[in-house]
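Undergrad:
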């Protein structure tokens, strides 16, 4: 694998990650710029609150699939290309070049990363199911999407580290990527953490 190929995969991941599906779906199908409503966040949760459940589901699905597409294409080159392409995709989602670098909070794209690990790297669905299970449990208990997102990212990081910890370079690379993903999600939710502490964070009402 050459450095140039890796760089091309990273750039591809960032560009695909930068596609703001919440903005596209909102403007094309609902004639609404969701940045002007709710939290202003370009993610599935805000799209669901502003535009309705179907829009939220569509945005989440598209955000997951853009990572799977990026990592799937990059995996044709190497595992390293796939992993760093996925990280770049998540960064593009948070800081999209097509939306003035103001995007989502990387939760759906994290799950896209985990689905891609299952499909292209480990061929083990538990890498996606364990964080999803944690997300649903925390969401059911506390009703905070933000808290459930943070908990799922931590559980994902811990699970990956525990499962593959070794001196193998590829494994260390995946562990590093998972830790970076966890810190990115926690950082992107810093305002939500403050709201939870102040008891002003929005709770879901459908669970």
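In our numbering, the protein residues as written are 51 to 257. A virtual CB, placed ideally from N, CA and C, is assigned to each residue, including glycine.
Using a Cβ distance threshold of 8 Å, determine whether the region 132-139 contacts the region 82-95, with at least three qualifying pairs required.
TA: no
Undergrad: Assuming residue 228 contacts residue 210 (C-beta within less than 8 Å), just tell me the rounded distance between them.
TA: 4 Å
Undergrad: Classify residue 81 as buried or exposed, calling it buried when 16 or more other Cβ atoms lie within 10 Å of its own Cβ.
TA: exposed
Undergrad: Taking the alpha helix (DSSP H) that residue 106 falls in, what are its first and last residues?
TA: 103-125
Undergrad: May I have the straight-line CA-CA distance separating residue 171 from residue 161, to the nearest angstrom?
TA: 14 Å
Undergrad: Which parts of the region 192-248 are runs of the alpha helix (DSSP H), unbroken and 4 residues or longer, counting only runs that do not cross its ends?
TA: 195-214, 219-238 and 240-247
Undergrad: Between residue 105 and residue 97, how many whole angstroms is the CB-CB distance? I'm expecting something under 8 Å.
TA: 5 Å
Undergrad: Using only the alpha-carbon positions, how far apart do residue 28 and residue 213 sit?
TA: Lying outside 51 to 257, the shown extent of the chain, residue 28 is not represented and no answer is given.
Undergrad: For a test of the three-state rule: what should DSSP assign to residue 156, helix, strand or coil?
TA: coil
Undergrad: Going straight from the alpha carbon of residue 197 to that of residue 230, what length do you get?
TA: Answer to the nearest angstrom: the Cα atoms are 18 Å apart.
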